[in-house]
Amino acid sequence: MFEKILIANRGEIACRIARAARALGVKTVAVYSDADADALHVRAADEAVRLGPAPARESYLDGEKVIAAAKRTGARAIHPGYGFLSEQAEFTQACAENDLVFVGPPPGAMRAIKDKAQARAVMRAAGVPVVPGSEGHVGEEVGAKAAAASIGYPLLVKAAAGGGGIGMQVARDEPELQRALRACADRARASFGKDAVYLERYFEKPRHVEVQILGDGHLTLAVGARECSIQRRHQKVIEEAPPPAFELPEPRPRVLKKLLEAGLRAARAVGYANAGTCEFLLVGDEVYFIELNARLQVEHPVTEATTGVDLVQLQLRIAAGEKLPLGQDDLRPRGHAIECRINAEDPVKFFPSPGPVKRFDTPVPADGALHDGIRIDAGYRAGDTITPYYDSLLAKVISFAETRAGAIARMRHALERFAVEGVKTNIPTHLKVLASEAFARGELDTHFLERL
């Protein structure tokens, strides 16, 4: 095991990684921008290094500065968390060239799936079902019209290098398609440095399901499935394990098995190792591959709650060269877990709500452990300031119970006792969802919030 690692992230995920490292006896180095000099994740680590000014491109996205910090402090490995540098193959390669271990998949696997259009081709060749779409990239003058005619409207224009719901737009006819192509290419260029886009069939009411993958380079496991259908602007808000899609109104074990097998096939097709997530759309009884996220997911705690597996500790152990200490037959999920992402945002329009956090009272200690069926992973505390530079995620509330109804009841009780003042949060939105009869019946799709 490593003696020391650097955590190349901030907020709740940096605190989460620090806890896992501490449990393994590993020392940690935090990095921070000028906006985060006194942040919670800095205090959670054994030492900290300043990266630069608040803008992410001058701090958390500056791979050279991160590698220099690791070498200066004697860290042997870098855990990227999610976002920022976590899915940049160039950074992974740079780590290897500097004799640093990247806690994640190898560069080759990351390159194979980095471009979403390219990943679709790889999955088709491996027999993984994909959403009907274009063969590669398209543009206003290159193949878009012909591809649209072949696929059929409505379409979803997507940034090939995209993620987090950025660079996606629906087109229902040719004029909308041309506008969407320009808008998505511009957004992709600004967000990811590449303007390539591709097309996919747009399903009106799909469900979003995914498979948690864990591999050590020899053995690949499907640790469990999740449902993330409650979204706003293509970004997840509430996640569950196991997916209600396969439980309600009646169990559908055959479709669940199809999903898990497709996830494993996708991971093996690119030689995936460490933790990753294969995302799919569920339409009726059919599953369609969307993407393979080469990182730890925000929603990993619901899988941890239902399997008893500490995914972050296993990430570190795999990166240190250890073999997986469990097999597929050892993974027998039990109970039900729900995660609500608590964002600093207007609960109606979902606009960010930056400002000072004057009160931050959690219903149980925010230490990442279950307390009476509730776990809190937080990246802020009272006295902190939410800046406009980064994601608006304040904390994650995870509930666990033997039944879904029990998990819903525990979550509602926890959110009613979660008090935040100084900034707006989406807690009222979560409570509205949890009180919905449709949610209780498991009647979910990716447009659920729009109808609520």
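In this note's numbering, the protein residues as written are 24 to 475.
For every residue, glycine included, the Cβ atom is placed at its ideal position computed from N, Cα and C.
Quick one: which unbroken beta strand (DSSP E) runs of 3-plus residues sit fully inside the segment 384-472? Chain order, please. Whole beta strand (DSSP E) segments, 3+ residues: 397-401, 416-424, 442-444.
Keeping to the same chain, check which residues put their C-beta closer than 6 angstroms to that of A458; ignore five residues upstream and five downstream. If we look at A458 and ignore the five residues flanking it on each side, it has no Cβ neighbours.
Neighbour-count burial assignment, D468, 16 or more Cβ in a 10 Å radius: A residue is called buried once 16 or more other Cβ atoms fall within 10 Å of its Cβ, and D468 is buried on that count.
Answer with buried or exposed for S56, where buried requires no fewer than 16 other C-beta atoms within 10 angstroms of its C-beta. Residue environment: S56 is assigned as buried (16 or more neighbouring CB atoms within 10 Å of its CB, all protein chains considered).
Tell me where the alpha helix (DSSP H) around S214 begins and ends. Where S214 is concerned, the enclosing alpha helix (DSSP H) starts and stops at 197-215.
Which residue comes first and which comes last in the alpha helix (DSSP H) that contains R291? First-last of the alpha helix (DSSP H) with R291: 276-292.
Examine the Cβ distances between the segment 308-319 and the segment 151-162 and report whether three or more of them are shorter than 8 angstroms. Yes, they touch.
What three-state label does DSSP hand L475 in the structure shown? In the structure shown, L475 sits in coil (DSSP, three-state: anything other than H, G, I, E or B).
Would the segment 49-65 count as touching the segment 133-141 if we require 3 or more Cβ pairs under 8 angstroms? Short answer: they don't touch.
If we ignore side chains and look at the alpha-carbon of each, how far apart do R357 and A328 end up? Here the C-alpha atom of R357 lies approximately 9 angstroms from the C-alpha atom of A328.
Three-state secondary structure (DSSP) at P130? Note: P130 maps to helix in three-state DSSP.
Could you give the residue range of the alpha helix (DSSP H) that holds M24? It is not in any alpha helix (DSSP H) - M24 carries neither H nor E in the DSSP assignment.
Whose C-beta lies closer than 6 angstroms to the C-beta of N121 among residues of the same chain, with five residues either side of it excluded? Cβ neighbours of N121 beyond the five flanking positions: I90.
By the 10 Å Cβ neighbour count, where 16 or more other Cβ atoms means buried, how is P128 classified, buried or exposed? Around the beta carbon of P128, 16 or more other beta carbons sit within 10 angstroms, so the residue counts as buried.
Considering only C-alpha positions, which residue in the set A31, A367, G34 is nearest to G445? It is A367.
The alpha helix (DSSP H) spanning I36 covers which residue range? Where I36 is concerned, the enclosing alpha helix (DSSP H) stretches over 34-46.
For A172, name the three-state secondary structure that DSSP assigns. In the three-state reduction of the DSSP assignment, A172 falls in the helix class.
Helix, strand or coil at I189 [DSSP, three-state]: In the structure shown, I189 sits in coil (DSSP, three-state: anything other than H, G, I, E or B).
Note down the Cα distance separating K280 from L393, rounded to an integer number of angstroms. Their backbone Cα atoms lie some 29 angstroms apart in a straight line.
Beta-ladder partner(s) of H359, from DSSP: For H359, the pairing in a beta bridge is given by DSSP as A424.
Separation of S252 from Y295, as counted between CA atoms: If you take the alpha carbons of Y295 and S252, they lie about 25 angstroms apart.
8 angstroms Cβ cutoff met for L475 and K455: Their beta carbons are under 8 angstroms apart, which means L475 touches K455 by this criterion.
State the Cα-Cα distance for the pair R435 and E362, rounded to the nearest angstrom. C-alpha separation (whole angstroms): 11 angstroms.
Shortest alpha-carbon distance to A211 belongs to which of Y225, E227, V180, V232? Closest option to A211, Cα to Cα, is V180.
Give a yes or no on contact between the segment 403-416 and the segment 328-346, applying the rule of three or more CB pairs nearer than 8 angstroms. With contact defined as three or more Cβ pairs closer than 8 angstroms, the segment 403-416 and the segment 328-346 are not in contact.
Just to confirm my understanding: we take A71, look at its own chain, exclude 5 residues before and 5 after, and list those with CB closer than 8 angstroms. What are they? Excluding five sequence positions before and after A71, the CB atoms of its chain that fall closer than 8 angstroms to its own CB belong to V52, A53, V54, Y55, V65, given in chain order.
Do A264 and R249 come within 8 angstroms of each other at the CB atom, strictly closer than that value? Taking 8 angstroms as the Cβ cut-off, R249 and A264 qualify as a contacting pair.
Is F114 helix, strand or coil when you go by DSSP? In the displayed model, F114 falls within a helix according to three-state DSSP.
Identify, in the order they occur along the chain, each residue of the same chain with its Cβ nearer than 8 angstroms to the Cβ of Q336, setting aside the five sequence neighbours on each side. Correct list, in chain order: A43, A46, L47.
Buried versus exposed, by CB contacts within 10 Å (16 or more), A401: With 16 or more Cβ atoms within 10 Å of its Cβ, A401 is classed as buried.
Would you list the residues sitting across from F312 in a DSSP beta bridge? Per DSSP, V153, F303.
Confirm, please, whether the CB-CB distance from A182 to V220 is below 8 angstroms. Going by C-beta atoms, V220 is nearer than 8 angstroms to A182.
Thinking L304 and P386 are a contact (beta carbons under 8 angstroms), I'd like their distance in whole angstroms, please. Not a contact, Cβ separation roughly 34 angstroms.
Based on DSSP bridge pairs, tell me the residues matched to E81. In the DSSP output, where bridge partners are listed per residue, E81 has none listed.
DSSP state of L241, grouped into three classes? The residue asked about is misnamed: residue 241 is His in this sequence, not Leu. In this structure, H241 counts as coil in the three-state DSSP scheme.
Cβ of G156 within 8 angstroms of Cβ of L222? Contact check for G156 against L222 passes: the beta carbons are separated by less than 8 angstroms.
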